[in-house]
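Undergrad:
Number of protein chains: 2
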Amino acid sequence: MKIENVKLYNSKYAPNARRVRMFLAEKGLETPMIDVDLAKLEQKTPAFSSLNPFQGVPTLEFDDGSTLCESVAICRYFEELYPQPPLFGLGARERAEVEMWQRRAELYLFFPVAQAYRHTHPAAKVLETPQIGDWAEVNKGRALENLARFDRALEGRPFLAGERFSIADITGLCALDFLRPARIALPEGLEHVKRWKDALSARPSAAA
Amino acid sequence: MKIENVKLYNSKYAPNARRVRMFLAEKGLETPMIDVDLAKLEQKTPAFSSLNPFQGVPTLEFDDGSTLCESVAICRYFEELYPQPPLFGLGARERAEVEMWQRRAELYLFFPVAQAYRHTHPAAKVLETPQIGDWAEVNKGRALENLARFDRALEGRPFLAGERFSIADITGLCALDFLRPARIALPEGLEHVKRWKDALSARPSAAA
Chain A
30 MKIENVKLYN SKYAPNARRV RMFLAEKGLE TPMIDVDLAK LEQKTPAFSS
80 LNPFQGVPTL EFDDGSTLCE SVAICRYFEE LYPQPPLFGL GARERAEVEM
130 WQRRAELYLF FPVAQAYRHT HPAAKVLETP QIGDWAEVNK GRALENLARF
180 DRALEGRPFL AGERFSIADI TGLCALDFLR PARIALPEGL EHVKRWKDAL
230 SARPSAAA
Chain B
30 MKIENVKLYN SKYAPNARRV RMFLAEKGLE TPMIDVDLAK LEQKTPAFSS
80 LNPFQGVPTL EFDDGSTLCE SVAICRYFEE LYPQPPLFGL GARERAEVEM
130 WQRRAELYLF FPVAQAYRHT HPAAKVLETP QIGDWAEVNK GRALENLARF
180 DRALEGRPFL AGERFSIADI TGLCALDFLR PARIALPEGL EHVKRWKDAL
230 SARPSAAA
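So the sequences go chain by chain: A and B.
If you use our numbering, the first sequence closes out at 237, no skipped numbers anywhere.
If you use our numbering, the second sequence closes out at 237, no skipped numbers anywhere.
#1: Where Ala68 of chain A and Ser40 of chain A are concerned, what is the direct C-alpha to C-alpha distance, given to the nearest angstrom?
#2: Is the beta carbon of Trp164 of chain B closer than 8 Å to that of His150 of chain B?
#3: Taking Tyr146 of chain A as the query, report the chain B residues whose CB atoms sit under 8 Å from its CB, ordered along the chain.
#4: With three or more C-beta pairs closer than 8 Å as the rule, is the stretch 47-57 of chain B touching the stretch 97-117 of chain B?
#5: Going by CA-CA distance only, name the one from B:Ala235, B:Leu173, B:Leu229 that's closest to Leu219 of chain B.
#6: Quick one: does Met129 of chain A have its CB under 8 Å from some CB of chain B?
#7: What residues from the stretch 109-128 of chain A come within 9 Å of chain B, judged by C-beta to C-beta, listed N to C?
#8: Which residues mark the beginning and the end of the beta strand (DSSP E) in which Phe91 of chain A is found?
#9: Taking 8 Å as the threshold (beta carbon to beta carbon), is Cys203 of chain A in contact with chain B?
#10: So is Asp163 of chain A in contact with chain B if we call contact Cβ pairs under 8 Å?
#11: Just list the residues that DSSP pairs Phe188 of chain B with in beta bridges.
#12: Let me know if Gly170 of chain B comes out buried or exposed under the rule of 16 or more other beta-carbons within 10 Å of its beta-carbon.
#13: Quick one: is Ala153 of chain A near chain B, going by C-beta distance under 8 Å?
#14: Give me the Cα-Cα distance between Val101 of chain A and Cys203 of chain A, rounded to the nearest whole angstrom.
#15: Is Leu58 of chain B close to chain A? Criterion is C-beta to C-beta, closer than 8 Å.
#16: Does the stretch 67-82 of chain B come close enough to the stretch 223-236 of chain A that 3 or more CB-CB pairs lie under 8 Å?
#17: What is the DSSP secondary structure of Tyr111 of chain A, reduced to helix, strand or coil?
#18: With 8 Å set as the bound, which would you pick, yes or no: does the beta-carbon of Pro82 of chain B sit closer than that to a beta-carbon of chain A?
#19: Output the boundary residues of the alpha helix (DSSP H) element that contains Met129 of chain A.
#20: Have a look at Cys104 of chain A and Val65 of chain B and give me their C-alpha separation to the nearest angstrom.
#21: List, in chain order, every chain A residue whose beta-carbon is nearer than 7 Å to that of Val101 of chain B.
#22: Chain A beta carbons: is any one of them nearer than 8 Å to that of Leu208 of chain B?
#23: Closer than 9 Å by beta-carbon distance: list the chain A residues that pair up with Pro159 of chain B, in chain order.
#24: Starting from the C-beta of Phe91 of chain B, find all residues in its chain whose C-beta is less than 6 Å away, skip the five residues before and the five after it, and write them out in chain order.
#25: Report the residue from A:Phe207, A:Glu192, A:Arg122 whose alpha carbon sits nearest the alpha carbon of Leu138 of chain A.
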């Protein structure tokens, strides 16, 4: 279904933007998109800063000129309007479990991987000044330690929050696919993480 | 109202635990609490790790031995069961706005303030090894830059997400009150942030 009263400011390379693209794909929704060139710091121009003073993508602009920012907030807006399939869970306990796993995927995987990338990769120098090598190393270690925790949690369940695919898995896959630019190798032996990653990567939404 | 089928693992000094305590106070809810001594690393013991493998407070334990972790996930659970007063917003757009502001308060204020604390304060050495002074400085700068953005956003509205107090304000106050241990002075001239902080601090929940 095409949604025409909004525009999504997007970057093909930004994992936070990919989270929203995957979410929309899982819902069967499409919005007009406008590409923002992060390498050219288009997100820091006065024009873009007036849309989002925190200068990031994704940013959703409505036809009335108002905006909604932050990947998970944009996803929640579409969840509220188009509740099928449920990607934030159903019922009090499952909704809370999805929130827990979405936050764990973000705080303990997505963020340390992103920090390792931003503080080492030459292409990230423009985004992260100064790059601090010691901080990259700390985060690489945390990402690896937490991957082992995710592996134990995924034993015996198909998805992070249980039987149902959710936004937590979207955050998880975006983090796993960001290991490569962060130059972190997925360790051998994490069989549950590997099975989960393969299953998520096989969904059509992974190409979004 | 007392909730008896759960226990909340808590630390008086942990700002993430305070977020849940304030949320419960705003809802008029009370739960049994168990104190975890973070300075003694009780959160890293095998017993506690079996409750929460990511080793943090707050952690909610149910009578059946299952657990729910992450401050915002615990808050969402109580919101679903006890929806009055609404602290995550009502309706699609407002719920999304609350999510956006809760995330902005967390990502752009709470986190940089916490990083500045963890990477400078002698008492945080046990939690953050190695402490990286350069990273503390970067985060101090970001916290100050973002405080100015929050000040502009709060012009003409009582609360972060608009007319209604929400979980975003709870995260915001916990971040502001963490400026002192992080040794960051709230700059002069941020009149909207100051008015907002004074109003939040005057609510009974601020003492929770």
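Just so it is clear, CB atoms sit at the ideal spot from N, CA and C, and this is done for glycine as well.
TA: In this structure, then:
#1: 10 Å
#2: no
#3: Ordered by position in chain B, no residue passes the 8 Å Cβ test against Tyr146 of chain A, which lies about 15 Å from the chain.
#4: yes
#5: B:Leu173
#6: yes
#7: Glu109, Leu110, Gly120, Ala121, Arg122, Arg124, Ala125, Glu126, Val127, Glu128
#8: 88-91
#9: no
#10: yes
#11: B:Gly191
#12: exposed
#13: no
#14: 13 Å
#15: no
#16: no
#17: coil
#18: yes
#19: 121-134
#20: 35 Å
#21: Glu128, Arg132
#22: no
#23: Asp163, Val167
#24: Val35
#25: A:Phe207
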